[in-house]
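Only one structure is covered here, and it is reproduced in the block below.
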Amino acid sequence: MTAGTGIGSMPGDTDAAHAEAVRLVLGELPDLPHVPEVPGRGAWASMTARGLAVLDGLAADLQPAGWRLTDVSGVDHRRARSLLAQDLDTVEELAQGYAGTFKTQVAGPWTLAATVEKPRGDKVLSDHGARRELAQALAEGVRVHLADLRRRLGGVDRWIVQVDEPALAAVVDGQVPTASGYGRHRSVDLPEASAHLEWVVTAISEAGGEAWVHSCAPRTPWSLVAGTGAHGLSADLDVLGPADLDVFAEALEAGRTAALGVVPSLDPATDVSDARLTERVQRWLEMLGLDPELVGARLAVTPSCGLAGATPQWAARAVRLSATVARNL
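Just so we're aligned: 1193 in the numbering used here is position 293 of the sequence shown, and the numbers increase by one with no gaps anywhere.
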């Protein structure tokens, strides 16, 4: 059966907004709820901060220029870890008795390398050894994180870990700005880009989880992502090119999951109906020559990207539309 789910982020700037988001996804996405993220609460709740909170063996702190690796965790890194634990306490409390599949999200190794600085400045991306160490720390940290989630929600029999890589396209295209802003970091060779992501995907699998990789950025190298062994590919349908369609078709035919971002992630100017969105997915499958009845169980329907920039009203509607389109399919 096709499932509806969310990408991760939700609007709001308070802990109460996070609790409401948990109630929303549990109530409206019964087949595949997820751990909501509410980045509007500050830098400690951002995607980068959540990724750093999961790292095993590396410390960080928040500087005026952004997050930076350090020898000892600063107050902001400790606060990010505390906020993640607090959010998981809320999920644990409100999801008591839940049984089935659950999804969580973590920033990927290349997105972290492109957004976090080394101890002496400039991005981790600029240093071969530093980016390797960061990816390995993330892989080990995900193992521990998944064990914690299993302990908290014992009724979940299938954990999906969505690895968010919005910066992967810029990393392999050499488009990540240097600290000065006047230059660009050199592009990362595809074998290295694949290996670092594969370490995280493998760690998730070895810990008993199912790895999906998500990006709503254009030019994401989906053939590289598929080659890491990720079980799920999650993308905004609007930004997939012809070559990407082949990758998604091959993934579905091989028994993997395709999470299709079709519901607008920002408040639309005109009304959006579940019938039109359903028809769009059906046309997409028809274009790929895939039978909806044969691949339907391997599809998921999502918003096109995170919902942090939406109004609370549209975010709730987008979640419900994702579930409705999934049921229609």
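No residue lacks a Cβ here, since even glycine has one placed at the ideal position from N, Cα and C.
Opposite residue 934 in the DSSP bridges: which residues? In the DSSP assignment, the residues bridged to residue 934 are 1003.
Pick out whichever of 1023, 1189, 1228 and 956 has its Cα sitting closest to the Cα of residue 981. Comparing Cα-Cα distances from residue 981 to each of 1023, 1189, 1228 and 956, the minimum goes to 956.
Pull the bridge partners of residue 1113 from the DSSP assignment, please. In the DSSP secondary-structure assignment, residue 1113 is bridged to 1063 and 1133.
For residue 970, name the three-state secondary structure that DSSP assigns. Reduced to three states, the DSSP call for residue 970 is strand.
Confirm, please, whether the CB-CB distance from residue 953 to residue 984 is below 8 Å. Yes, the pair counts as a contact, with Cβ atoms nearer than the cut-off.
By DSSP, does residue 950 sit in helix, in strand, or in coil? Helix at residue 950.
Assuming contact is defined by CB atoms lying nearer than 8 Å, are residue 1136 and residue 1204 in contact in what I supplied? Less than 8 Å separates the beta-carbon of residue 1136 from that of residue 1204.
Whole angstroms are fine: how far does the CA of residue 1032 sit from the CA of residue 1026? Their Cα atoms are separated by approximately 11 Å.
If you pair each beta-carbon of the region 1046-1060 with each one of the region 1071-1091, do three or more pairs fall below 8 Å? When Cβ pairs closer than 8 Å are counted between the two stretches, the region 1046-1060 is seen not to touch the region 1071-1091, the count staying below three.
I need the DSSP call for residue 1182, collapsed to helix, strand or coil. Residue 1182 carries a helical assignment under DSSP once its states are collapsed to helix, strand and coil.
Burial state of residue 1150, where buried means 16 or more other Cβ atoms lie within 10 Å: Exposed, because fewer than 16 other Cβ atoms sit within 10 Å of the Cβ of residue 1150.
Beta-carbon within less than 8 Å of residue 1090's beta-carbon, same chain only, minus the 5 sequence neighbours each way: which residues are those? Cβ neighbours of residue 1090 within its own chain (closer than 8 Å, five residues either side excluded): 1072, 1121 and 1124.
For residue 1006, tell me which candidate among 907, 1030 and 996 has the shortest Cα-Cα distance. Per the Cα distances, 907.
In the DSSP output, which residue or residues are listed as bridge partners for residue 1163? According to DSSP, residue 1163 bridges with 1203.
Tell me whether residue 1028 is buried or exposed, calling it buried when 16 or more other Cβ atoms sit within 10 Å of its Cβ. Residue 1028 should be labelled exposed.
For residue 1221, which residues in the same chain have their Cβ closer than 6 Å to its Cβ, ignoring the five residues on either side in sequence? Excluding positions up to five away in sequence, the list reads 1163 and 1174.
Limits of the unbroken alpha helix (DSSP H) element including residue 984: Run containing residue 984: 975-994, per the alpha helix (DSSP H) assignment.
Note down the Cα distance separating residue 995 from residue 926, rounded to an integer number of angstroms. Each residue's Cα considered, the two are about 7 Å apart.
I need the straight-line Cα distance from residue 1178 to residue 1165, nearest angstrom please. In a straight line, the C-alpha of residue 1178 is about 16 Å away from that of residue 1165.
Check whether the region 927-936 and the region 960-972 are in contact - that is, three or more C-beta pairs closer than 8 Å. Touching, no.
Spatially closest choice to residue 975 from 946, 962 and 1014, by CA coordinates: The option with the nearest alpha carbon to residue 975 is 962.
Between which two residues does the alpha helix (DSSP H) holding residue 1036 run? From DSSP, the alpha helix (DSSP H) with residue 1036 extends over 1028-1052.
Taking the Cβ atom as the reference point for each residue, do residue 1198 and residue 1141 lie within a distance shorter than 8 Å? Taking C-beta atoms as the reference points, residue 1198 and residue 1141 fail to come closer than 8 Å.
Could you tell me whether the region 1093-1101 touches the region 1038-1046, using the rule of 3 or more Cβ pairs below 8 Å? Cβ pair count under 8 Å is three or more, so yes.
Thinking residue 1110 and residue 1132 are a contact (beta carbons under 8 Å), I'd like their distance in whole angstroms, please. Confirmed, about 7 Å.
Cβ atoms of residue 1079 and residue 1010: under 8 Å apart, would you say? No, the Cβ-Cβ distance between residue 1010 and residue 1079 is not below 8 Å.
Sort out for me which residues DSSP pairs residue 963 with in a bridge. The partner list for residue 963 (beta bridge, DSSP) reads 966.
From residue 964 to residue 919, what distance separates their C-alpha atoms? One Cα belongs to residue 964, the other to residue 919, and the distance between them is close to 30 Å.
Alpha carbon to alpha carbon, how far is residue 1146 from residue 1126? Give it in angstroms, no decimals. Computed Cα separation, rounded: 11 Å.
Integer-rounded CB distance, given that residue 1030 should sit under 8 Å from residue 1070: Actually they are not in contact, since the Cβ atoms of residue 1070 and residue 1030 sit about 18 Å apart, beyond 8 Å.
Would residue 1187 be called buried (16 or more neighbouring beta carbons within 10 Å of its own) or exposed? By the neighbour-count rule (16 or more Cβ atoms within 10 Å), residue 1187 is not buried but exposed.
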